[in-house]
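For reference, each letter of the sequence shown is one residue, going 5 to 420 in my numbering. Every residue, glycine too, gets a C-beta built ideally from N, C-alpha and C. These notes concern the structure reproduced below.
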Amino acid sequence: MTLADEKRREALSLYIHIPFCLKKCSYCDFLSAPQDEETRERYVRALIREIRSRKNWAEETGRHVDTIFLGGGTPSVLAADQISRIMEAVHVSFDVGKDAEISMELNPGTADQEKLRAFRQAGINRLSMGVQSLQDQELRLLGRIHNTGQAKEAFLMARKAGFDNVNIDLMSALPGQTFSSWADTLTGICAWEPEHISAYSLIMEPGTEFAALQDAGKLPSLPDEDTDREMYRYTEDYLAGHGYRHYEISNYAKPGRECRHNCGYWTGHPYLGLGIGAASYVDGARFSNIADLKTYLSYLEPADEEALSGEKMTDLPGSESPPGSTAWLEGICTDRHVLTEEEKIEEFMFLGLRMCGGIEKEDFERRFPGRALKDIYGKVIHKHLAQGVMEETEKGFRLTKRGIDISNYILADYLL
Ligand code: SF4
Numbered sequence: 005m006t007l008a009d010e011k012r013r014e015a016l017s018l019y020i021h022i023p024f025c026l027k028k029c030s031y032c033d034f035l036s037a038p039q040d041e042e043t044r045e046r047y048v049r050a051l052i053r054e055i056r057s058r059k060n061w062a063e064e065t066g067r068h069v070d071t072i073f074l075g076g077g078t079p080s081v082l083a084a085d086q087i088s089r090i091m092e093a094v095h096v097s098f099d100v101g102k103d104a105e106i107s108m109e110l111n112p113g114t115a116d117q118e119k120l121r122a123f124r125q126a127g128i129n130r131l132s133m134g135v136q137s138l139q140d141q142e143l144r145l146l147g148r149i150h151n152t153g154q155a156k157e158a159f160l161m162a163r164k165a166g167f168d169n170v171n172i173d174l175m176s177a178l179p180g181q182t183f184s185s186w187a188d189t190l191t192g193i194c195a196w197e198p199e200h201i202s203a204y205s206l207i208m209e210p211g212t213e214f215a216a217l218q219d220a221g222k223l224p225s226l227p228d229e230d231t232d233r234e235m236y237r238y239t240e241d242y243l244a245g246h247g248y249r250h251y252e253i254s255n256y257a258k259p260g261r262e263c264r265h266n267c268g269y270w271t272g273h274p275y276l277g278l279g280i281g282a283a284s285y286v287d288g289a290r291f292s293n294i295a296d297l298k299t300y301l302s303y304l305e306p307a308d309e310e311a312l313s314g315e316k317m318t319d320l321p322g323s324e325s326p327p328g329s330t331a332w333l334e335g336i337c338t339d340r341h342v343l344t345e346e347e348k349i350e351e352f353m354f355l356g357l358r359m360c361g362g363i364e365k366e367d368f369e370r371r372f373p374g375r376a377l378k379d380i381y382g383k384v385i386h387k388h389l390a391q392g393v394m395e396e397t398e399k400g401f402r403l404t405k406r407g408i409d410i411s412n413y414i415l416a417d418y419l420l
């Protein structure tokens, strides 16, 4: 690890959850739902209160923030003024680096020029657009609120508003999707020249509308495994030919445009989650905020409206305590778990091997002094090298293309 990496490890990422959408998509099991304007405003106020309650801790620990991600849900469903107020609270409470990457998810169906300009002015410097497909028929089936024309328009508006760092989310292996419709989507997106593309295969989540339709035999059939693999390989080759580096199983970026926030998740960087259901990893402990909106509001809404502004914001019970401490847990945090060294080692391997560069032996030894990679995983690595699913790099190991194809099985071997 370089000195720059060491410094980065002292920093903190923030994840801010906005649990609202205009309409639930057919495949989605994220913590999100349509809500009226009043509820959205109450949530924004509560969220601001939570953010400001962490000010003391952020100051005492001297952590600076190097990446922020506003996800959901659909953060862009909020009014520009609400996003500005949230960002203002973040800047009041945390020491945000001048070159911090500040991303926000944007649903193309909620974009307008004025809003995008205001988001940029509020300090958002990277957009992640949920385009998913450039086939209207596929978008309708997914239950998305936008069509392909609106997606392109939103992208152009984002450029006009000054966003020079944009990710496009795409989904493959959709019901009824053919290889050629996927190839057309990729061609169309590359012509836009976004800086980053995330391409995920659909996962059929239990409890979604898609799962119910599939159970009832009413969903067009999914591409078979071979077509899915063919799409994946084509994506890699096609995007490489258009200047995108494949840097994580599902992520591709132009040089230097990798998502710093997500790279942090994959390399054990600490992060603090704010808002309902948001997960955190701080000082070796994982914990989550409660996922229930009503309980979150009841805990964070003050008895008197006056307290919504001013210094009383930091009067939240447990606000002087470090995240994950008992006092905080009694409030909105749940499921606190301090990772054992074995769990940290597993995560290092699991997440590191998702990155196309793989893991480095020296990095392992620096993080786990006194432990040697070969003593813990020697046999497994030997097996994977012999099977051709893993290969040696100058500094460590990474999965081969064949290994990435069956990464779920391979990574399971790294459980201790
Ligand atoms: S917009 Fe995103 S979060 Fe909202 S329902 Fe659709 S997939 Fe889920």
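Which residues mark the beginning and the end of the alpha helix (DSSP H) in which His413 is found? Strictly speaking, residue 413 in this sequence is Tyr, with His absent from that position. Here the alpha helix (DSSP H) through Tyr413 covers Ser411 to Ala416.
Under DSSP, the beta strand (DSSP E) around Ser97 begins and ends at which residues? First-last for Ser97: Ala84 to Ser97, but that is the alpha helix (DSSP H), not the beta strand (DSSP E).
Pairing CB atoms from the stretch 97-105 with CB atoms from the stretch 60-78, are three or more of them under 8 Å? yes
Note down the Cα distance separating His386 from Ser88, rounded to an integer number of angstroms. 52 Å
Please indicate yes or no: does the CB of Phe34 lie closer than 7 Å to some heavy atom of ligand 1? yes
CB-CB length for Asp232 against Ala177, believed under 8 Å: 5 Å
Taking C-alpha atoms, which residue in Leu26, Glu229, Pro274 and Lys383 lies nearest to Pro112? Leu26
What are the boundary residues of the alpha helix (DSSP H) that includes Phe368? Lys365 to Arg371
Under the assumption that Tyr256 contacts His250 (Cβ atoms under 8 Å), give the Cβ distance between them as a whole number of angstroms. 5 Å
With DSSP as the reference, label Ser202 as helix, strand or coil. strand
Can you look up Gly77 in the DSSP assignment and give me helix, strand or coil? coil
Element boundaries [beta strand (DSSP E), containing Met359]: Neither: Met359 is in no beta strand (DSSP E) and is coded neither H nor E.
Just mark Ala195 as buried or exposed, buried being the case when its beta carbon has 16 or more other beta carbons within 10 Å. exposed
Rounded C-beta distance between Thr338 and Phe291? I'm assuming under 8 Å. 7 Å
Please state whether the Cβ-Cβ distance between Glu109 and Leu74 is less than 8 Å. yes
Look at Gly400 and Gly362 and say whether their C-beta atoms are less than 8 Å apart. yes
Less than 7 Å between the CB of Gly281 and some heavy atom of ligand 1, yes or no? no
Looking at ligand 1, does it come within less than 7 Å of Gly211, judged from the CB to the closest heavy atom? no
By Cβ distance below 6 Å, which residues in the same chain neighbour Ala126 in space, the five residues on each side in sequence not counted? Ile87, Ser88 and Met91
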